[in-house]
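Notes to accompany the following structure.
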Amino acid sequence: MDTGISRAEFRNAMARVCAPVNVITTKGAAGRGGFTATAMCSVTDEPPTLLVCMNSRSAQSGLFIENRRFCVNVLTQEHKALAASFAGREADMEARYADAAWTDLPSGNQALADAIVSFDCRLTEARLVGTHNILIGEVVDIRCRRDGHALLYFDRNYVHVPTQAGSFGG
């Protein structure tokens, strides 16, 4: 079914959606990899599951699927350079990882030591939809910190909310 919506029109509309910036990492028998993504969300809490979308044309796509695990690291406003590095500014993977401190997790993954939250996931399903793989992972470990402001992406720029926005309805 042709919707008549162009790729550019869709991408421009999606740029108007504010989203947290994440570095998604993997480490396993197939090697170590990582990329920056805003396409991440929870799926269910029984069992705790989330999904990440990754371009299937990425050289790392097979690496994530072979390792059968990934870690979602939610970034703070102090991580702008790291986000850019993992988005491709830095081609060398070892150099990307050298830009930050990492914590080894029981699963074998590595979590960003100062991420707002890190979700360590076991890959349960990978599904190709159009140009992207949807990686679905069961959360096996969570690391949280209580401070920091999330780095957000809106209108093709990094932004942040400087204070807590408050609650709705009360």
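The sequence shown begins at -8 in our numbering and counts up by one.
The C-beta atom is built at its ideal place from N, Cα and C for all residues, glycine as well.
In this text, all values refer to a predicted model and were calculated from it rather than measured experimentally.
Below 8 Å on the Cβ atoms is my guess for residue i versus residue j; work out the distance and round it to an integer in Å.
i   : j    : result
C44 : I125 : 6 Å
Give the range of the beta strand (DSSP E) segment to which residue i is assigned.
i   : result
G53 : Here G53 belongs to no beta strand (DSSP E); instead the alpha helix (DSSP H) covers 52 to 58.
G19 : 13 to 19
Going straight from the alpha carbon of residue i to that of residue j, what length do you get?
i    : j     : result
N100 : N64   : 11 Å
I107 : G19   : 23 Å
L143 : Y149  : 6 Å
Q68  : A(-1) : 28 Å
I133 : T17   : 15 Å
E129 : M31   : 13 Å
T35  : L41   : 7 Å
R136 : D105  : 8 Å
Does DSSP put residue i in a helix, in a strand, or in coil?
i    : result
N124 : strand
E81  : coil
A214 : Given that the chain is displayed from residue -8 to residue 161, the structure contains no residue 214 and the question cannot be resolved.
N100 : coil
R137 : coil
In the DSSP assignment, find the unbroken alpha helix (DSSP H) run with residue i in it and report its ends.
i   : result
N46 : Per DSSP, N46 belongs to no alpha helix (DSSP H); it is in the beta strand (DSSP E), 39 to 46.
L66 : Note, L66: premise wrong, no alpha helix (DSSP H); not H, not E.
Does the pairing of the segment 77 to 86 with the segment 96 to 112 give three or more beta-carbon distances under 8 Å? no
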